[in-house]
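Student: Sharing a structure here in structure tokens format.
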Amino acid sequence: MSESDSQKLTVARLDLETVVKGSLSSQEEAARIWLSKIRQACVQKKYNTLRALLVGAAQESHLPRELFVRAIEHHECEVLQILMTKVQGVLPPDRAGRSLLHEACRLNSLDCARLLLEFGYCPNQESLSKITPLHLAAAHGSGELVELLLHSRANYHRRTMSGWTPLMYAAFYSRAETLQVLLEAGSDLEERQHEGWTALLLAASKGSAACVRILLAFGARVDATQHDGWTALHLACSASFDEIVNLLLSDVRVSIDQGTLTQQVTGLHIAAAAGQAGLTRMLVNAGADIDARDRDGWNALHHAACHGDLETLVYLIGAGADIDALALDGSSPLHVALVHKHHDCADYLITAGASVHTAKLGGWTPLLYATVNEDRALVARMLDAGVYLDVVVDEGYSPLHFAASLGNLTLLKLLIDAGADVNAQASGSIGTPLHEAIKKGEREVVDCLIEAGAYLEARAGLNS
């Protein structure tokens, strides 16, 4: 081939490539314009225009999934029918494995769901996480939609990867209507998901009194527990769902004093810890053991003292709770109130007759805690009650040691005036209250202690 012929061939090839590229570009532009018109016809509900545009269209790939989903979302059943008539089949699922029927159920589009079933969509198709259309209908749809799926042989026993049934979805999303339909169809009340939750537990945790009422009427086990041993009553008390608590208490099968698996807390403990005086009263009136103990030996009064709810605390004392009940570590409700610095609760407990003399493990007394809290009023009340002044913790610290270490001159004088031993000796290198004051550099406290008779030998080391 001559050089001239070669050049001509190259030019011809370039011309052909230009034509092909131009043709492809023009096809792409035409497809883009066509798709834009399709979208516009769908949005404007121009059905005849839509049908005309679809005549002669080559593949369903020309119709993006978004068009179908939009029609479902806006409940535009006729648009969906026109689109489905064109594709004549079932579209592939999305990346999560969900079909258009999943979308119709999620969006509670009854007519679209009915149409999709007519076009062959399977009511039992599972997504990647094994969610079926019935799961979504139970959670987001109507009773009629659930009935439609059930009549189309949807399986109400199907479980998701987490073990959830459609009934559980209905309970969790507080869908009383779909819950009723599923129960009437024969759904198992006592099936559990992987963490042990039943439909009743889910309904109680979400505060759906309507669902709880239906489940109890169908005979749901009121004492069923999830893996941590929490019952519906525990869950309702925890969230302060009074109406649900009342429903559960009215069921003769309820075990009002049942404890959780790990902490052994009862509904009454939970209500008291949450500061729910009304709920606490409801449980006590229903027969809850007011002095039931949890794993740590706390009664409801300990929990109320820990939370600092004075109303609940006052009610429990009035109802006969043991005011000096001791936990496994020797803590009384007064100890607990002081540890958490709830002055009003501690003050009321003392007024109601709580012992100010009891020492818990480690030797801690109410007086020691009140001193550490620098609560002068409570210290004074305990001194008036004749509390033992020179009680010490395991290390030998006395209330006077703490007052000196804190540099609280007011507390120090109060304790000294009441007869505290200014030369009380703690263990090891701690020494006397004077040693503590010297270490902290509290000159006024040092002078006060010396004036009260502290041994002068302890003054060595104080910076001049």
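Okay, so the sequence shown: first residue is 1054 according to our numbering, each after it adds one. Note that CB positions come from ideal geometry on N, CA and C, so glycine has one too.
Excluding five sequence neighbours on each side, which residues of the same chain lie with their C-beta closer than 7 angstroms to the C-beta of residue 1459?
Tutor: By the criterion of a C-beta distance shorter than 7 angstroms, residue 1459 is surrounded in its chain by 1427, once the five residues flanking it on both sides are discounted.
Student: Who are the Cβ neighbours of residue 1147 in its own chain at under 7 angstroms, not counting the five residues just before and after it?
Tutor: 1118
Student: Rounded C-beta distance between residue 1292 and residue 1261? I'm assuming under 8 angstroms.
Tutor: About 11 angstroms separates the two Cβ atoms, so there is no contact after all.
Student: Near residue 1130, what residues of its chain come up, given a Cβ to Cβ distance below 7 angstroms and the 5 sequence neighbours on each side ignored?
Tutor: 1164, 1165 and 1168
Student: So residue 1447 and residue 1415 are in contact, right, with Cβ under 8 angstroms, and what is the actual spacing, rounded?
Tutor: 5 angstroms
Student: Alpha carbon to alpha carbon, what distance is there between residue 1363 and residue 1233?
Tutor: Rounded to the nearest angstrom, the two C-alpha atoms are 42 angstroms apart.
Student: Measure from the alpha carbon of residue 1329 to the alpha carbon of each residue in 1340, 1360 and 1341, then state which is nearest.
Tutor: 1360
Student: Less than 8 angstroms between the C-beta atoms of residue 1217 and residue 1246, yes or no?
Tutor: Contact check for residue 1217 against residue 1246 passes: the beta carbons are separated by less than 8 angstroms.
Student: Contact check, residue 1120 vs residue 1086 under 8 angstroms by CB: the rounded distance?
Tutor: In fact, because the Cβ distance is near 16 angstroms, the residues do not count as touching under 8 angstroms.
Student: Is residue 1445 buried or exposed, if buried means 16 or more other CB atoms sit within 10 Å of its CB?
Tutor: buried
Student: Residues in its own chain within less than 7 angstroms of residue 1123 by CB, not counting five upstream and five downstream?
Tutor: 1095
Student: Would you kindly check if the distance between the Cβ of residue 1161 and the Cβ of residue 1211 is under 8 angstroms?
Tutor: no
Student: Tell whether a beta-carbon distance below 8 angstroms holds between residue 1339 and residue 1309.
Tutor: Contact annotation: residue 1339 and residue 1309 have beta-carbon atoms nearer than 8 angstroms.
Student: Give the C-beta separation of residue 1454 and residue 1477 to the nearest angstrom, bearing in mind that I take them to be a contact with Cβ-Cβ under 8 angstroms.
Tutor: 7 angstroms
Student: Only counting the same chain, and skipping five residues up and downstream in sequence, which positions put a Cβ closer than 6 angstroms to that of residue 1172?
Tutor: 1137
Student: For residue 1347, which three-state DSSP category applies?
Tutor: coil
Student: What are the start and end residues of the alpha helix (DSSP H) that includes residue 1018?
Tutor: Because residue 1018 is not part of the residues shown, which for the chain are 1054 to 1517, the question remains open.
Student: I'd like the list of long-range same chain contacts for residue 1271, defined as Cβ closer than 7 angstroms, with 5 residues on each side in sequence excluded.
Tutor: 1236 and 1242
Student: In its own chain, which residues sit with a C-beta less than 8 angstroms from the C-beta of residue 1345, not counting the 5 before and 5 after it?
Tutor: 1310, 1312, 1319, 1321, 1322, 1352 and 1353
Student: Please tell me whether residue 1140 and residue 1174 are closer than 8 angstroms, where the distance is taken between their beta carbons.
Tutor: no
Student: Can you tell me the Cα-Cα spacing of residue 1159 and residue 1307, whole angstroms?
Tutor: 36 angstroms
Student: Could you tell me whether the Cβ atoms of residue 1355 and residue 1380 are closer together than 8 angstroms?
Tutor: Yes, they are a contact pair.
Student: Helix, strand or coil for residue 1218? Go by DSSP, reduced to three states.
Tutor: coil
Student: Could you have a look at residue 1136 and say whether DSSP puts it in helix, strand or coil?
Tutor: helix
Student: For a quick check, are the C-beta atoms of residue 1255 and residue 1277 less than 8 angstroms apart?
Tutor: no
Student: What is the rounded straight-line gap between the Cα of residue 1425 and the Cα of residue 1294?
Tutor: 38 angstroms
Student: Helix, strand or coil for residue 1484 per DSSP?
Tutor: coil
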